[in-house]
Amino acid sequence: MNKIMYLEFERCIGCRACQAACRECGDHDAKERNYVEYVDFTESRQTFPMLCMQCKDPACARVCPANAIQITEEGVVLSAMEEKCIGCRNCTFGCPFGIPKFDFEKNKMYKCDMCYDRTRDDIPPMCASVCPSEAIRFIDFDEMQQLRRRRTQMNLVEGKKPQEGNKWDYVPEFFGVYTDSQ
Amino acid sequence: MFKLEKSFYSKTSMYSFFAIVILFFLMWVSTSQFLHIDMALLGYMIGTGVFAIGLVIRFSFWIYRAATNKVATRSVKNLFTKERMKRNAKSITKTLIDNILLQKFIFKRGLYRGIQHIMISWGCIISFAFTFGLTFGWFRFDLVDPETYQMVAFNIPLITMAAHGWLAEIFYNMLNIGAVMVLIGVSMALFRRIRDYDVKVTQRFEFDLLPLYILLAVTGTGLALTVSYKFLDGWMHPHISLVHQITVVVMLMYFPFGKLFHVPIRPLATAVPMSYQETLKVDTKTCKSCAQPYSNDDQIADVQAILKQQSFDLQLADGTYLSDYCPACRRRMRALKQMNLEAPKGNPYGPVNTNNGIHISGFGKKRTDDFYGIEEDVKKDLGEEKEYEPVSR
Ligand code: HEM
Ligand code: SF4
Ligand code: SF4
């Protein structure tokens with residue numbers, strides 16, 4: 000897998016198609032693992048989608064006392080292993096981004112696995128393949144770089160020019176979730 | 000203890016050494032100073048040795064993990080706290096019955112999976128208990144009179160039963176009952192792994208299928224032994240016995256290193272009701288941002304300690320940690336930060352600051368202006384936007 004999940008939060012129109020698609024994915028047990036939430040409901044209806052970052056050194060796995068969170072060779076951080084998870088929810092509280100969900104009935108954690116059965120074969124994950132506004136995209140590294148450059152250019156409108164000293168302020172931070180295993 | 004530890008390569012090797020010494024001593028006692036070693040059972044001896052060392056090594060490594068250690072330490076500390084006695088007793092009984100004996104949560108995952116696992120686990124436990132119990136003499140059956148047997152456990156006489164009654168029949172066939180249970184469970188598991196697409200997504204041969212094949216081989220050959228002496232006048236009995244021994248040895252050697260290692264670590268599940276839920280299923284710690292309860296203080300303290308121990312820098316500029324916020328607020332903070340919505344609207348004609356600081360290692364750090372070598376006049380321009388408190392909190 001050498002593709003990148005690229006998120007542009009402001010493109011989200013709040014249709015929740017990604018969540019419906021997520022429920023349909025293999026091994027997702029008809030439960031969505033991604034989030035669509037309001038930025039600030041008192042101000043606007045703007046929503047944003049949220050997925051797992053598939054961290055290189057995942058905090059969730061590091062705080063799991065049962066060692067139940069595995070990372071695949073492609074770098075995807077999987078849901079808790081069925082037989083190990085003791086249901087403590089440390090992962091939910093340890094994750095910097097509040098991603099892992101917990102099923103109290105079945106006593107196990109489940110989280111975004113980038114639709115492992117699809118992405119391991121380079122098929123886009125469910126959410127990215129249904130998103131109508133391209134808030135979630137599954138793209139090549141080069142395309143991601145291009146998109147980032149375009150975002151920088153957007154900031155140059157209206158004569159706001161970067162200078163030698165502050166040009167770094169115009170470089171957008173990277174968006175997107177990506178795993179790489181070149 | 001510390002001094003002793005120094006004479007070994009590592010703590011783990013020290014524990015392994017003691018495990019072997021104890022095993023050796025037990026053998027010395029039970030074989031009357033190594034006079035009565037049954038060479039036919041040599042395989043079991045070696046298998047048990049590897050099993051013991053493997054278990055000690057895996058268990059040590061597991062308990063040294065920062066997370067496991069923290070959670071286990073807190074549970075042990077709570078276990079011996081007087082005020083918590085009632086709660087501890089309740090937690091342990093509840094976990095033992097619901098989680099380990101009845102395995103209710105697996106039934107919630109599906110009736111099929113529940114039955115499958117009850118069959119595997121209880122079949123294995125019954126078989127193991129019976130084998131070890133009889134070979135080590137923990138319990139035995141005495142003939143009281145020609146028609147009655149008495150069960151004696153640890154030299155305490157228990158129930159008596161008619162020699163040909165149904166109860167006695169059950170006890171004679173205990174190993175077979177266990178084996179049949181495992182056979183049913185393992186077949187169900189294999190069938191599910193062949194039929195069900197969902198389990199195949201993350202399935203790995205050596206982790207998910209190998210243990211099932213090993214258990215199948217053990218029970219298959221074990222049952223073949225019964226069939227051989229009951230119905231076939233002991234046909235091929237020594238050969239089957241040898242094959243059975245090999246399968247058991249393979250299982251013993253595999254046990255600490257694969258999926259079956261979940262059995263000794265499951266008791267950690269008591270830590271959840273014992274340490275992490277002040278009142279069952281009620282949260283007491285509130286989120287720093289939205290003030291909604293989302294967890295409890297002890298658990299968050301543990302999570303923060305574990306992360307700190309492993310050098311995760313998730314502290315924010317204002318001294319709070321990300322884990323002080325509820326998951327929903329944390330997600331919002333990430334989105335706001337990436338869209339750079341936290342900065343107040345500054346000079347509309349100045350440069351737009353698209354730098355939200357996410358690239359910087361650690362959440363608590365700020366990028367200093369020196370890093371960019373910004374000139375004075377530009378700095379003044381940016382100044383209006385630089386000094387801000389994030390608005391998400
Ligand atoms: C008594 C305490 C035990 C607990 C709480 C426990 C817990 C679990 C859980 C939660 C699973 C996942 C099942 C699923 O979600 O479908 C599992 C799977 C499994 N357990 Fe246990 N287990 C226990 C004892 C045992 C024992 C004694 C054995 C046999 C040596 C065993 C062998 C297995 C096997 C082979 C699987 C995999 C089944 C599959 O392929 O899906 N377990 N266990
Ligand atoms: S759940 Fe959180 S910590 Fe774990 S990989 Fe995903 S973003 Fe990282
Ligand atoms: S809930 Fe399960 S996966 Fe999460 S930390 Fe606890 S044991 Fe690990």
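Keeping their order, the protein sequence lines are chains R and B.
Residue 0 is where the first sequence starts when you use numbering that gives the first Met the number 0, and the numbers rise one by one after that.
Residue 0 is where the second sequence starts when you use numbering that gives the first Met the number 0, and the numbers rise one by one after that.
Glycine residues also receive a C-beta, built at the ideal position from the N, C-alpha and C atoms.
Practice task
Can you grab the Cα-Cα spacing for the pair phenylalanine 260(B) / phenylalanine 254(B), in whole Å?
Solution key: Against the second sequence, residue 260(B) aligns to sequence position 261. Against the second sequence, residue 254(B) aligns to sequence position 255. C-alpha of phenylalanine 260(B) to C-alpha of phenylalanine 254(B): approximately 6 Å in a straight line.
Problem - Buried or exposed (CB count within 10 angstroms, at least 16 for buried), lysine 5(B) - result: Your numbering for residue 5(B) matches position 6 in the second sequence. By the neighbour-count rule (16 or more Cβ atoms within 10 Å), lysine 5(B) is not buried but exposed.
Problem - Between the CA atoms of alanine 88(B) and leucine 50(R) - distance to the nearest angstrom - result: Mapped onto the first sequence, residue 50(R) falls at position 51. Mapped onto the second sequence, residue 88(B) falls at position 89. Distance between the alpha carbons of leucine 50(R) and alanine 88(B) is about 40 Å.
Handout entry: Min CB distance isoleucine 299(B) to chain R below 9 Å
Key = Residue mapping note: residue 299(B) aligns to position 300 of the second sequence, counting from 1. Yes, isoleucine 299(B) lies at the interface with chain R (some Cβ there is under 9 Å from its Cβ).
Exercise for the section: Write down the C-beta distance between phenylalanine 96(R) and methionine 52(R) rounded to the nearest angstrom, noting that I regard them as a contact closer than 8 Å. Expected result: To locate residue 96(R), count along the first sequence from 1; it is residue 97. To locate residue 52(R), count along the first sequence from 1; it is residue 53. About 6 Å separates the beta carbon of phenylalanine 96(R) from that of methionine 52(R), a gap short enough to meet the 8 Å contact definition.
Handout entry: From Phe140(R), Lys55(R), Cys126(R) and Met143(R), residue whose alpha carbon lies closest to that of alanine 16(R)
Key = Translated into the one-based positions of the first sequence, residue 16(R) becomes position 17. Nearest option by C-alpha distance: Cys126(R).
Exercise for the section: Use the C-beta contact count for valine 20(B): other C-beta atoms within 10 angstroms, 16 or more gives buried, fewer gives exposed. Expected result: On the second sequence, position 21 is the one that residue 20(B) refers to. So valine 20(B) ends up on the exposed side.
Practice task
With isoleucine 135(R) as the anchor, note down where its alpha helix (DSSP H) starts and where it stops.
Solution key: Taking the first sequence and counting its residues from 1, the one referred to as residue 135(R) is at position 136. In this chain, isoleucine 135(R) is not harboured by any alpha helix (DSSP H); it is covered by the beta strand (DSSP E) spanning 135–139.
Handout entry: Interfacial residues, the stretch 241–267 of chain B to chain R, with Cβ spacing under 8 Å
Key = Cβ contacts with chain R: Lys258, His261, Ile264, Arg265 and Leu267.
Practice task
Give the residues of chain R in contact with serine 120(B), contact being defined as C-beta atoms less than 9 Å apart.
Solution key: For this step, residue 120(B) is matched to residue 121 along the second sequence. At a C-beta separation below 9 Å, serine 120(B) has no neighbours in chain R, since its nearest C-beta there lies roughly 10 Å away.
Handout entry: Given 8 Å, three or more beta-carbon pairs between the stretch 93–110 of chain B and the stretch 158–173 of chain B
Key = The answer is no - the stretch 158–173 of chain B does not touch the stretch 93–110 of chain B, with fewer than three Cβ pairs under 8 Å.
Practice task
From the DSSP output, read off the bridge partner residues of glutamine 149(B).
Solution key: Your numbering for residue 149(B) matches position 150 in the second sequence. Residue pairing from DSSP places glutamine 149(B) in a beta bridge opposite Asp141(B) and Thr159(B).
Exercise for the section: Compute the minimum distance between the beta carbon of proline 210(B) and the heavy atoms of ligand 1, and state whether it is under 8 Å. Expected result: One-based indexing of the second sequence puts residue 210(B) at position 211. Indeed, a heavy atom of ligand 1 lies less than 8 Å from the Cβ.
Problem - Residue range of the unbroken beta strand (DSSP E) whose run includes proline 48(R) - result: As a first step, residue 48(R) must be located in the first sequence, where it is residue number 49. Its beta strand (DSSP E) spans residues 46–49.
Practice task
Pick out the complete alpha helix (DSSP H) segments inside the stretch 26–71 of chain R, 4 residues or longer, and give them in chain order.
Solution key: The stretch 26–71 of chain R contains these whole alpha helix (DSSP H) runs: 58–61.
Problem - When Met108(R), Lys83(R) and Pro123(R) are compared against asparagine 1(R), the one with the closest alpha-carbon - result: Position 2 of the first sequence holds residue 1(R). Taking only the C-alpha atoms, the option nearest asparagine 1(R) is Pro123(R).
Problem - Residue burial classification, asparagine 89(R) (beta-carbon count within 10 angstroms, cutoff 16) - result: What you label residue 89(R) is simply residue 90 of the first sequence in a count that begins at 1. Asparagine 89(R) is buried by the Cβ-count criterion.
Problem - Selected residue, minimal CA-CA separation from proline 145(B), among Thr159(B), Phe153(B), Ala152(B) and Trp27(B) - result: Position 146 of the second sequence holds residue 145(B). Each of Thr159(B), Phe153(B), Ala152(B) and Trp27(B) was checked against the Cα of proline 145(B), and the nearest Cα belongs to Thr159(B).
Handout entry: Per-residue contacts from lysine 107(B) into chain R (C-beta, under 8 Å)
Key = Position 108 of the second sequence, counted from the first residue, corresponds to residue 107(B). Those within 8 Å of lysine 107(B) in chain R are Glu104, Lys105 and Asn106.
Handout entry: Host beta strand (DSSP E) of valine 76(R) (start-end)
Key = As a first step, residue 76(R) must be located in the first sequence, where it is residue number 77. Note, valine 76(R): beta strand (DSSP E), 76–79.
Practice task
Could you tell me whether the Cβ of alanine 188(B) comes closer than 9 Å to any Cβ of chain R?
Solution key: Residue numbering aside, residue 188(B) sits at position 189 when the second sequence is read from its first letter. Taking a beta-carbon distance threshold of 9 Å, alanine 188(B) does not count as an interface residue toward chain R.
Exercise for the section: Have a look at phenylalanine 33(B) and glycine 48(B) and give me their C-alpha separation to the nearest angstrom. Expected result: Position 34 of the second sequence, counted from the start, is the residue given in the question as residue 33(B). Position 49 of the second sequence, counted from the start, is the residue given in the question as residue 48(B). Computed Cα separation, rounded: 16 Å.
Handout entry: Rounded Cβ spacing between isoleucine 176(B) and isoleucine 124(B) (contact assumed at less than 8 Å)
Key = For this step, residue 176(B) is matched to residue 177 along the second sequence. For this step, residue 124(B) is matched to residue 125 along the second sequence. The C-beta distance from isoleucine 176(B) to isoleucine 124(B) rounds to 12 Å, too long to fall under 8 Å, and the pair is not in contact.
Exercise for the section: Flag alanine 316(B) as yes if its beta-carbon sits less than 9 Å from any beta-carbon of chain R, otherwise no. Expected result: Here residue 316(B) refers to the residue found at position 317 of the second sequence. For alanine 316(B), the closest Cβ of chain R is not nearer than 9 Å.
Practice task
Give the single residue among His236(B), Ile45(B) and Gln303(B) whose Cα lies nearest to the Cα of threonine 319(B).
Solution key: Within the second sequence, numbered from 1, the residue matching residue 319(B) stands at position 320. Of the candidates His236(B), Ile45(B) and Gln303(B), the one whose C-alpha sits nearest the C-alpha of threonine 319(B) is Gln303(B).
Problem - Residues that DSSP places opposite lysine 2(R) in a beta bridge - result: Position 3 of the first sequence holds residue 2(R). Per DSSP, the beta-bridge partners of lysine 2(R) are Asp139(R).
Problem - Residue-chain proximity (isoleucine 91(B), chain R), Cβ-Cβ < 9 Å - result: For the purposes of this step, residue 91(B) is taken as the residue at position 92 of the second sequence. No, isoleucine 91(B) lies away from the interface with chain R (no Cβ there is under 9 Å from its Cβ).
Problem - Short CB-CB distance (under 9 Å) between phenylalanine 204(B) and chain R - result: Stepping through the second sequence from its first residue, residue 204(B) is reached at position 205. Judged by the 9 Å Cβ criterion, phenylalanine 204(B) is not in contact with chain R.
Exercise for the section: Taking only beta-carbon positions, decide if tyrosine 34(R) is within less than 9 Å of chain B. Expected result: Counting from 1 along the first sequence, the entry for residue 34(R) is found at position 35. For tyrosine 34(R), the nearest beta carbon of chain B is closer than 9 Å to its own beta carbon.
Problem - 9 Å Cβ cut-off: residues of chain R touching tyrosine 196(B) - result: The residue you call residue 196(B) lines up with position 197 of the second sequence. In chain order: Gly25, Asp26 and Asp116.
Exercise for the section: Please look up how many angstroms separate the CB atoms of alanine 71(B) and isoleucine 305(B), rounded, as I've assumed it's under 8 Å. Expected result: As a position in the second sequence, residue 71(B) is number 72, starting the count at 1. As a position in the second sequence, residue 305(B) is number 306, starting the count at 1. Incorrect: roughly 12 Å between the Cβ atoms, too far for contact.
Practice task
Using only alpha-carbon positions, find the residue among Val75(R), Glu133(R), Lys105(R) and Arg44(R) that is nearest to lysine 55(R).
Solution key: Within the first sequence, numbered from 1, the residue matching residue 55(R) stands at position 56. Taking only the C-alpha atoms, the option nearest lysine 55(R) is Val75(R).
Exercise for the section: Could you tell me whether the Cβ atoms of serine 128(R) and phenylalanine 140(R) are closer together than 9 Å? Expected result: Within the first sequence, residue 128(R) is the residue found at index 129, counting from 1. Within the first sequence, residue 140(R) is the residue found at index 141, counting from 1. Inclusion of serine 128(R) and phenylalanine 140(R) in the CB contact set at 9 Å is not warranted, their separation being larger than that value.
Handout entry: Cβ of glutamine 149(B) within 9 Å of any chain R Cβ
Key = Indexing the second sequence from 1 puts residue 149(B) at position 150. Judged by the 9 Å Cβ criterion, glutamine 149(B) is not in contact with chain R.
Exercise for the section: In the DSSP assignment, find the alpha helix (DSSP H) that holds phenylalanine 230(B) and state where it starts and stops. Expected result: As a first step, residue 230(B) must be located in the second sequence, where it is residue number 231. For phenylalanine 230(B), the uninterrupted alpha helix (DSSP H) segment begins and ends at 209–230.
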